[in-house]
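Student:
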Amino acid sequence: MSQYVMVIDLNRCVGCHACAIACRAEWQVPTGQDSSKRDQRRNWVKRLGPAETRHGLSYTFYPGLCNHCDRPACVAVCPADKVEKTFTDAKTGKTKKMTVAATWKDPFNGTVQIDKERCLGCGACADACPYGARYVNETGEAPKADKCTFCVERLAQGLQPACVQTCIADARIFGDINDPHSAVAKYVKKGAIRLESSAVKIGPNVRYFGKKKDLELLNATSTPKTMPQANLRRIMMAQAIKSTTQQAKNLGLLGLAGALVVKGLQSEEDDSKE
Amino acid sequence: MGMNRRDFLKCSTATCAALAALEMKGGNFLRPSKAIAADLPGSLGAKEVTSVCEMCFWRCPIVGKVKDGKVVKIEGNPKSPVNGPRVCARGNSGVQLVYDPDRVKYPMKRMGARGEGKWAKISWDEALDEIAHNIQAVKKKYGPHALAYFDHGASAENMRGIFEAMGTENYTSEPAFFQCVGPAALAYLNTVGYITTGTRQYNDMGHAKAMLLVGSHIGENIHVSHVREYIQGLSSGAKLVVVDPRFSAPANKADIYLPIRPGTDNALLLAWINYVIQHKLYNKEFVANHCQGFDELKAATKDYSMDWAARICDLKVGDMKAAIEVLAKASPHVNIHPGRHSTWYGKGDVGRHQSLAILTALFGAVAVPGGIYLPTPVKPSKAECAEAKAAEVESPAASLKEGKYPFSSPFGSVTADVIQAMITGKPYPVKLLGVNGVNIIQTIPNPYDTMKAINNLDFIFCEEMMAGETAVWSDIVLPGAVYLERYDDVHTYDGLTPYLTVRQPVVPALYEAKSPYWIAKNLAKRLDIKGYTCEKEEDFINEMLKGAGLTLETLREKGGIVTYPGNPYRDPKKLEIKTDSGKVNLSIKEFADAKLDAMPKFEPTPAPPKGYTRLIYGRSPIHTFSRTMNNAWLHNEEPENRLWLNTEIAKRLGIADGEAVVLENQDGKRSLPIKVLVTPGIRPDAVYMAHGFGSRSPLLSRAYQKGAADGFMMTNLVADPFIGATSKRTNFVRIIKDNKVLDIPELRPVPKEIPYFEIKRA
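Residue numbers (my numbering), protein chains in the order written: chain E, 1 to 274; chain V, 275 to 1036.
(1) Check the Cβ-Cβ distances between residue 975(V) and every residue of chain E, and say whether any is below 8 angstroms.
(2) Just mark residue 277(V) as buried or exposed, buried being the case when its beta carbon has 16 or more other beta carbons within 10 Å.
(3) Give me the residue from 352(V), 664(V), 692(V) with the minimum Cα distance to residue 676(V).
(4) If we cut at 8 angstroms on Cβ distances, does residue 896(V) have a partner in chain E?
(5) Where do the N-terminal and C-terminal ends of the alpha helix (DSSP H) with residue 407(V) fall, by residue?
(6) Give, in chain order, every residue of the segment 132-155 of chain E whose Cβ lies closer than 7 angstroms to some Cβ of chain V.
(7) What span of residues does the beta strand (DSSP E) with residue 372(V) cover, start to end?
(8) If I measure Cβ to Cβ from residue 380(V) and keep anything under 7 angstroms in the same chain, skipping five residues before and after, which residues do I get?
(9) Kindly say whether residue 304(V), judged by its beta-carbon, lies nearer than 8 angstroms to any beta-carbon of chain E.
(10) Is there a Cβ from chain V that is less than 8 angstroms from the Cβ of residue 169(E)?
(11) Does DSSP classify residue 63(E) as helix, strand or coil?
(12) Rounded to whole angstroms, what is the Cα-Cα separation between residue 136(E) and residue 6(E)?
(13) Ordered along the chain, which non-local residues of its own chain (more than five positions away) have a Cβ less than 8 angstroms from that of residue 894(V)?
(14) Shorter than 8 angstroms from the beta carbon of residue 17(E) to some beta carbon of chain V?
(15) Check whether the Cβ atoms of residue 319(V) and residue 747(V) sit closer than 8 angstroms, and answer yes or no.
(16) Residues of chain E with CB closer than 8 angstroms to the CB of residue 496(V), please, in chain order.
(17) Just how far apart, CA to CA, sit residue 80(E) and residue 341(V)?
(18) Looking at the structure shown, is residue 451(V) part of a helix, part of a strand, or coil, going by DSSP?
(19) Quick one: is residue 25(E) near chain V, going by C-beta distance under 8 angstroms?
(20) Using a 10 Å radius around the Cβ and a threshold of 16 neighbouring Cβ atoms, would you call residue 577(V) buried or exposed?
(21) I want to check one thing, is the minimum distance from the CB of residue 328(V) to the heavy atoms of the ligand MG below 7 angstroms?
(22) I'd like the span of the alpha helix (DSSP H) that includes residue 815(V), first residue to last.
(23) Could you tell me which whole alpha helix (DSSP H) segments of length 4 or greater appear in the segment 617-696 of chain V?
(24) Starting from residue 926(V) and walking both ways along the alpha helix (DSSP H), at which residues does that stretch end?
(25) Checking contacts by CB at 8 angstroms: is residue 359(V) closer than that to chain E?
(26) Using 8 angstroms for Cβ pairs, my map puts residue 920(V) next to residue 956(V). What's the rounded Cβ distance?
(27) Should residue 1035(V) go down as buried or exposed, given a rule of 16 or more other Cβ atoms within 10 Å for buried?
(28) Below 8 angstroms on C-beta distance, what does residue 906(V) contact in chain E?
(29) Go ahead and pull the three-state DSSP assignment for residue 505(V).
(30) With DSSP as the reference, label residue 515(V) as helix, strand or coil.
(31) Return the CA-CA distance between residue 719(V) and residue 617(V), expressed in angstroms with no decimal places.
(32) Quick check on this structure: which residue in 583(V), 836(V), 412(V) has the alpha carbon closest to the alpha carbon of residue 1027(V)?
(33) Would you call the segment 755-770 of chain V and the segment 802-815 of chain V in contact, with 3 or more CB pairs under 8 angstroms?
(34) Which residue wins for smallest C-alpha separation from residue 609(V), given the options 656(V), 482(V), 542(V)?
(35) I need the boundaries of the beta strand (DSSP E) containing residue 722(V), first residue and last residue.
(36) Is residue 165(E) close to chain V, meaning its C-beta is less than 8 angstroms from at least one C-beta of that chain?
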């Protein structure tokens, strides 16, 4: 199996914001904030400093996007009805069936995706993300959670993610970390870091490479220090719009939501090839 | 609504099927799509049209992506040798320029007072008739030179011919020259024989082993090919020395950062020149074979010691020595960046860039990898049918172009002097102004004078896409087509990797917007100006392409761009220097003949008066000049600028990060509120803001009054004696918080050689 990873090389990054805007153009991401005051973007750049660090003055950037985490906090909180879904490995053709809500982590490429048809638009996933990587797009007929997909749609066309393609400094490097020859694997070997803290350890797959001072400033300003609590009210409201049968079925889960600990996906292996 | 079983069943529609198909293929880089183009999400499957960007003047080759007749995305032209499929934030945001609801949509006529912003929609015939009538009336009453034209960028070129044909000497006055690159361009032209830095820049950062940036903030100032060359150089191991009072984006990447006292750069450069000569770090062969004036230079710089410069510049001798040693060690593959925007202090601006050019020559970094290099001209043929038949323009005895400044005339009329002529009527009255591609109220320092000048005019018109301050002050505003909606010139690049490409419409022009050629042609008709005979715009493009053996059709087949081999370097033995002397001029005879300094010398610029700090400014990577602040995507990314304020000063004044303050300059002019960025990354004797914010045009609904405008704090202008360019870093501000004026303490004592600025209060 693969795990797609993006490495951002802060030694190359000049902070031009092309990535953030190419993403907005590619996926028609609205500007401003959603009704819960979340910034509407899949991809962002924050300018950090200049500020003192232990290693000297730093003026760097936080180019952020969905981390497609190893143990995503957003997936387990999704209150949409679970359905069985068949996933296929693009490399081997191998398939696997999993029962998933409206958002899941792909077992073959490691990306976290949203089914826009089945999304309830409740925003629970957006609240659960410690990186603020999700928002609710309210510009369509119904509100839908939205975030970076690692541009799997572009990958399927043989293209790079929009932000990687437009990066004027070639500071964004994309690939499979499980391929030891990939550029991202080499960056990880060189010490590309994850934005993790003792309370937030969910295995983010966007990594940052740079000088000590820049990584220190990035960590101090941008690594989440606490896991957000799932918003119970939001989940209950989402439940309310579903059928009573489904409600009854999911009440058990709801009871746990207040102290939600992210668990791995429950999956059923199916190794039979199609 | 929620996802129920019925919704799930609906997922058999084409969209769902396509989505599912994509999910199945997730992550396959190579497998081509079998899905039908129209079903593809995002910009995938769009029709692609190659063209040329104009979100800034750098003009990267692009591809416009069109779906359902609308441009949805812009990418770099993958065949471009300079940017490939990449474009910067601004390039990506061209889409929002086309569809900005605030666009100038129709010809408009002013109804209220100038600057009031009241308009009536008129027809093109009425607009052009009225402009033509006023041009003729002003010419008849005051003579041809009462007509003036301020211009910038690709959209401005067609109309320049109209003014030239009317016989005015003021047919071009480019603030982009007189308020920006002028001093640097002149210094390099006279030292090494060509303009190393101007519209193009022949500066080989990609192959340098060491680089010096003096005030240049690449990465905050973005031209994609430059940024790529700079990053290529750094990632190949080039050492970087950055000299800047502010800890800029490149300062963060620097091996040696020198936080210099503002206004003392040339003291450092002269001490370095002296050091290089005294320690014999120069390239003896290059100096012997290709330079003249070495002995004079040696004598003229011998007293500029490192100890002296350290005191003047407020730097450490050790750091200064380490920096010049790093640069010398990389010689000749050393990149002494020539700079671009050089109208800093008026006096000494040309000299500072002479010093940079001299250092380049002492290191032999001319026409070698990593140094400054020679352009490789790409010459399309001329298309006479695109131009006006020019009249012979004769300057009057008392001229705005000739005479007052010895080196200005090849570059047009001196911007500041044209404005003063509008106010004073001297040396002759200027009564009509055409403006194209430049927002003169934000760009030219002292906008209060500019507004006064406009009020003295009989008539002012402009061609614009977005109604900035200048449009609000105009009598007639013409809606220009956005670069994505029009043909234009053939664009050539004569840098390291030369190419030829064309701008062509990606989508048809919206509303009543017209191309610059159409506007010039139809105005020319009304003024009985001969020329502009091309039927269609494709005709002049085809005419120009003839020289390259191409047609629009064959160029399109080649992906919209053709590349040529570059010839940037020379064997030092065969190098020809194109100055009059045939040598690199370390001492410039032409300057001496004009009774100006043949060699650079340190000319102190006054220090901030007590209670004030110096206002410095620069570029934001997200915006172009004052042109893009209303762009929906760029505005969302950076809606306002911030005032960089030194941490210690902020502490003493009780100002917290993010607090809004107002600035008051030495002449009592106040800014709009601006939020403070408290940082140790700026010296205590300066504050900094990105240029172009604080729009005073209510017609820009997003940008109006967001942030502060540096230009509105610039009322003290010092003219450079070579070309009459005006300084922008000779203004001082103090801070007003909660209506209280706060005096800024002087934390870095000023040496006795530097006088304080004296405030003249009426």
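Cβ atoms here follow ideal geometry from the backbone N, Cα and C, with glycine treated the same way.
Only a predicted model underlies this, so the values are computations on that prediction, with no experimental measurement involved.
Tutor: Looking at the coordinates:
(1) Residue mapping note: residue 975(V) aligns to position 701 of the second sequence, counting from 1. By this cut-off, residue 975(V) is not an interface position.
(2) Residue numbering aside, residue 277(V) sits at position 3 when the second sequence is read from its first letter. Summary for residue 277(V): the model assigns pLDDT 33, below 50, so the residue's position carries little reliability; its value from the coordinates is reported in the next sentence. Buried: at least 16 other Cβ atoms inside 10 Å.
(3) For the purposes of this step, residue 676(V) is taken as the residue at position 402 of the second sequence. Taking residue 676(V) as reference, the option from 352(V), 664(V), 692(V) with the minimal CA-CA separation is 692(V).
(4) Position 622 of the second sequence, counted from the start, is the residue given in the question as residue 896(V). Chain E contact via Cβ: present.
(5) Along the second sequence, read from residue 1 onward, the residue named residue 407(V) stands at position 133. That run of the alpha helix (DSSP H) goes 398-416.
(6) Listed by position along the chain: 142, 152, 153, 154, 155.
(7) Here the question's residue 372(V) lines up with position 98 in the second sequence. DSSP places residue 372(V) outside any beta strand (DSSP E); the residue lies instead in the alpha helix (DSSP H), whose first and last residues are 368-372.
(8) What you label residue 380(V) is simply residue 106 of the second sequence in a count that begins at 1. Excluding sequence neighbours, residue 380(V) sits near 395, 753, 785, 786.
(9) Working through the second sequence from its first residue, we reach residue 304(V) at position 30. Caution applies to residue 304(V), whose pLDDT of 34 falls short of 50 and renders its modelled position unreliable; the value that the coordinates give is listed next. Interface flag for residue 304(V) against chain E is set, since a Cβ pair is found closer than 8 angstroms.
(10) Position 169 of the first sequence holds residue 169(E). For residue 169(E), the closest Cβ of chain V is nearer than 8 angstroms.
(11) On the first sequence, position 63 is the one that residue 63(E) refers to. It is a strand residue.
(12) As a first step, residue 136(E) must be located in the first sequence, where it is residue number 136. As a first step, residue 6(E) must be located in the first sequence, where it is residue number 6. In a straight line, the C-alpha of residue 136(E) is about 23 angstroms away from that of residue 6(E).
(13) Position 620 of the second sequence, counted from the first residue, corresponds to residue 894(V). Only 494, 912, 915, 964, 965, 966 meet the Cβ criterion.
(14) As a first step, residue 17(E) is located in the first sequence; it is residue number 17 there, counting from the start. Using a Cβ-Cβ cut-off of 8 angstroms, residue 17(E) counts as an interface residue toward chain V, since at least one Cβ of chain V sits closer than that to its own.
(15) Counted from its first residue, the second sequence places residue 319(V) at position 45. Counted from its first residue, the second sequence places residue 747(V) at position 473. No, the pair does not count as a contact, with Cβ atoms beyond the cut-off.
(16) If you number the second sequence from 1, residue 496(V) lands on position 222. Residues of chain E with a Cβ closer than 8 angstroms to the Cβ of residue 496(V) are, in chain order, 14, 16, 168.
(17) Residue numbering aside, residue 80(E) sits at position 80 when the first sequence is read from its first letter. Residue numbering aside, residue 341(V) sits at position 67 when the second sequence is read from its first letter. As the crow flies, the alpha-carbon of residue 80(E) is around 33 angstroms from that of residue 341(V).
(18) The residue labelled residue 451(V) in the question sits at position 177 within the second sequence. For residue 451(V), the secondary structure class from DSSP, reduced to helix, strand or coil, is helix.
(19) Numbered from its first residue, the first sequence carries residue 25(E) at position 25. Interface residue, yes.
(20) The count along the second sequence starts at 1 and reaches residue 577(V) at position 303. Residue environment for residue 577(V): exposed (fewer than 16 other C-beta atoms within 10 angstroms of its C-beta).
(21) What this structure holds is no ligand at all, so the ligand MG is not there to describe.
(22) Within the second sequence, residue 815(V) is the residue found at index 541, counting from 1. Looking at the DSSP string, the run of the alpha helix (DSSP H) that includes residue 815(V) is 811-820.
(23) Scanning the segment 617-696 of chain V for uninterrupted alpha helix (DSSP H) segments of 4 residues or longer gives 623-636, listed from N- to C-terminal end.
(24) Mapped onto the second sequence, residue 926(V) falls at position 652. For residue 926(V), the enclosing alpha helix (DSSP H) has its first and last residue at 921-927.
(25) Numbered from 1 along the second sequence, position 85 holds the residue referred to as residue 359(V). Chain E, which has a Cβ nearer than 8 angstroms to the Cβ of residue 359(V), makes this yes.
(26) For this step, residue 920(V) is matched to residue 646 along the second sequence. For this step, residue 956(V) is matched to residue 682 along the second sequence. Between residue 956(V) and residue 920(V) the Cβ distance is about 5 angstroms, and since that is below 8 angstroms, they are a contact.
(27) As a first step, residue 1035(V) must be located in the second sequence, where it is residue number 761. Taking a 10 Å sphere around the C-beta of residue 1035(V), we find fewer than 16 other C-beta atoms and assign the residue as exposed.
(28) If you number the second sequence from 1, residue 906(V) lands on position 632. Here the neighbours are 31.
(29) To locate residue 505(V), count along the second sequence from 1; it is residue 231. Residue 505(V) falls in the helix class under three-state DSSP.
(30) As a position in the second sequence, residue 515(V) is number 241, starting the count at 1. Strand.
(31) One-based indexing of the second sequence puts residue 719(V) at position 445. One-based indexing of the second sequence puts residue 617(V) at position 343. For residue 719(V) and residue 617(V), the distance between alpha carbons rounds to 11 angstroms.
(32) For the purposes of this step, residue 1027(V) is taken as residue 753 along the second sequence, with counting starting at 1. The residue with the shortest Cα to Cα distance from residue 1027(V) is 583(V).
(33) Cβ pair count under 8 angstroms is three or more, so yes.
(34) Counting from 1 along the second sequence, the entry for residue 609(V) is found at position 335. For the residues 656(V), 482(V), 542(V), the minimum Cα distance to residue 609(V) belongs to 482(V).
(35) For the purposes of this step, residue 722(V) is taken as residue 448 along the second sequence, with counting starting at 1. In the DSSP assignment, residue 722(V) falls outside any beta strand (DSSP E) and lies within the alpha helix (DSSP H) extending over 721-729.
(36) Along the first sequence, one-based indexing puts residue 165(E) at 165. Residue 165(E) counts as touching chain V.
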